[in-house]
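Residues are numbered in this note's numbering as their position in the sequence shown, beginning at 1, plus a constant of 90. Even glycine gets a Cβ: it sits at the ideal position worked out from N, Cα and C. This structure is a prediction, so every number in the text was calculated from the model and none was measured. Below is one structure, written out as structure tokens; the observations come after it.
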Amino acid sequence: MYVGHFASALAMKAKEPRAPTWALLLGVGVLDLLFGLFVPLGIERMTVTPGVSPGFSLDFIDWSHSLAMSLVWALLFGALFFRRGVVVAAWCGFAVFSHFLLDLLMHPHDMALWPHSPAHLGFGIWTIHPPLWWFFELGFIVLCLAYYVARAKQLGGFGGRAWWIVGVILFLHLFNSPWLAPTK
Numbered sequence: 091m092y093v094g095h096f097a098s099a100l101a102m103k104a105k106e107p108r109a110p111t112w113a114l115l116l117g118v119g120v121l122d123l124l125f126g127l128f129v130p131l132g133i134e135r136m137t138v139t140p141g142v143s144p145g146f147s148l149d150f151i152d153w154s155h156s157l158a159m160s161l162v163w164a165l166l167f168g169a170l171f172f173r174r175g176v177v178v179a180a181w182c183g184f185a186v187f188s189h190f191l192l193d194l195l196m197h198p199h200d201m202a203l204w205p206h207s208p209a210h211l212g213f214g215i216w217t218i219h220p221p222l223w224w225f226f227e228l229g230f231i232v233l234c235l236a237y238y239v240a241r242a243k244q245l246g247g248f249g250g251r252a253w254w255i256v257g258v259i260l261f262l263h264l265f266n267s268p269w270l271a272p273t274k
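Now the structure itself:
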């Protein structure tokens, strides 16, 4: 799930308007940012798999994406916002952990309980029927964005840019479609 993470951050913003939008958007990406740092450092491993959904194999992602480490990263990130209040800090931390929860649906048994755990989780929507993951994620995105727009109308807020943001998110998801991906 890529763009769905951003849509979930907007839904969180709609639920807790005091949480900084940038922090929620960054929070939902923290695990992938760590993964992007850990791979070149040799801490985690992946293999590119052209033509096989989702286009890569996550060979070892235990330090960024395991259940235990997701909770650790969430607590650390949330702590950065403690001065803004416990509720805001909790939502910022949850933004990080939500990444694990959403990836749990998409990943095929590559998410460990803790680093080097023999048990791995994942429902594998990416691999069940490859194009369907895109529609599953689209449905999730639409639900999150509908909530975001409804709350923006209700609160009269979010800078009056709710529809513009919806358009950007939907464009990003369209750009991430399996039909636009390069073929072998």
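Counting C-beta atoms within 10 angstroms of its own C-beta, VAL258 has fewer than 16 neighbours from the protein chains shown and is therefore classed as exposed.
Inter-residue distance for ALA164 and HIS263 is about 25 Å (C-alpha atoms, whole angstroms). The criterion of a C-beta distance shorter than 9 Å is satisfied by GLY168 and VAL186. Pairwise C-beta distances place the segment 152-163 in contact with the segment 183-200, as three or more of them are shorter than 8 Å. Three or more beta-carbon pairs separated by less than 8 Å are not found between the segment 200-211 and the segment 222-231, which leaves the two stretches without contact. Runs of the beta strand (DSSP E) lying entirely within the segment 143-196, each at least 3 residues long, are 146-150 in chain order.
According to DSSP, residue pairing for HIS210 in a beta bridge involves ALA202.
Excluding five sequence positions before and after VAL256, the CB atoms of its chain that fall closer than 7 Å to its own CB belong to LEU235, VAL239, given in chain order. When C-beta atoms of the segment 120-136 are compared with those of the segment 98-109, fewer than three pairs fall below 8 Å, so the two segments do not count as touching.
Here the C-alpha atom of LEU260 lies approximately 8 Å from the C-alpha atom of ILE231. Annotation: the continuous beta strand (DSSP E) that includes ARG135 extends over 135-138. Each residue's CA atom was taken as its position, placing ARG173 and TRP216 some 39 Å apart. Our two residues, ALA113 and VAL142, have alpha carbons roughly 33 Å apart in a direct line.
Around the beta carbon of LYS243, fewer than 16 other beta carbons sit within 10 angstroms, so the residue counts as exposed. The three-state secondary structure of MET102, taken from DSSP, is helix. The C-beta distance from ASP193 to MET102 rounds to 16 Å, too long to fall under 8 Å, and the pair is not in contact. Contact between ALA109 and VAL178 holds, since their C-beta atoms are separated by about 5 Å, short of 8 Å.
In the DSSP annotation of this structure, TRP269 is not part of any alpha helix (DSSP H), being labelled neither H nor E. For the options LEU121, LEU245, PHE265, THR139, the alpha carbon positioned closest to that of LYS105 is the one of LEU245. Residue TYR237 holds the alpha-carbon nearest to the alpha-carbon of TRP253 among PHE265, TYR237, SER267.
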